[in-house]
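Heads up: the structure comes next, in structure tokens.
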Amino acid sequence: MRVVLDAGAAYELLTGGHGAPGVAAALRGAGAPPAAPELLDVEVAGALRRAVAAGDLESEPALRVLAGLAAMPLSRWPHRPLVARAWALRDRLTAYDACYLALAERLAGPGRGLLLTTDRRLARVAVAVGTVDVEVVPVG
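In case it helps, UniProt numbering puts the sequence shown at residues 1 to 140.
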């Protein structure tokens, strides 16, 4: 089963957040490196920026997280082929979140893909759409 990792799950894993053990456990059982749209890097950088601005994280540790993200064994996929599906989901998800679901659908092949997320809304929509399996990692 191919795992698609969303930005929230990647952030938890890389920052050692409350959800890190759950993300790590799900990835251990995957058998292949996780996949994500290329936009994951920008979304994680945005989350780090917010954490630094709020005083929840210092700049140097944030830079180490970005270095860890760059080195992470992750199959990054271009988001351009995902945009049409993201647009079809526009009434239910942001374009960013819809790209993760679209990639999980695309990579599912004859089986079902797994979307690994910390976002309950994304998970609810993915379950309702019914095209992929979803694992929600609790963060708090």
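All C-beta atoms, glycine included, are put in the ideal place defined by N, C-alpha and C.
Per the C-alpha coordinates, the member of 81, 116 and 131 positioned closest to residue 137 is 116.
Closest by C-alpha distance to residue 34, out of 104, 75, 134 and 97, is 75. Secondary structure at residue 135: strand, using DSSP grouped into helix, strand and coil. Around the C-beta of residue 97, 16 or more other C-beta atoms lie within 10 Å, and the residue is accordingly described as buried. Comparing alpha carbon positions, the residue from 56, 59 and 131 closest to residue 113 is 131. Residue pairing of residue 52 in beta bridges, as defined by DSSP: absent, with no partner found.
Excluding its 5 nearest sequence neighbours in each direction, residue 8 has C-beta neighbours in its own chain below 7 Å: 117, 118 and 119, listed in chain order. If you keep only unbroken alpha helix (DSSP H) runs of at least 4 residues inside the UniProt domain "PIN" (3-126), you get 7-15, 20-28, 39-53, 59-71, 83-88 and 95-108. The beta carbon of residue 129 sits closer than 6 Å to none of the beta carbons in its chain outside the five residues before and after it. Counting C-beta pairs with one atom in each stretch, the region 39-56 and the region 21-30 have fewer than three that are closer than 8 Å, which means they do not touch.
Scanning its chain for C-beta atoms nearer than 6 Å, with the 5 sequence neighbours on each side dropped, one finds around residue 85 the residues 102, in chain order. By the beta-carbon neighbour count (other beta carbons within 10 angstroms, threshold 16), residue 15 is buried.
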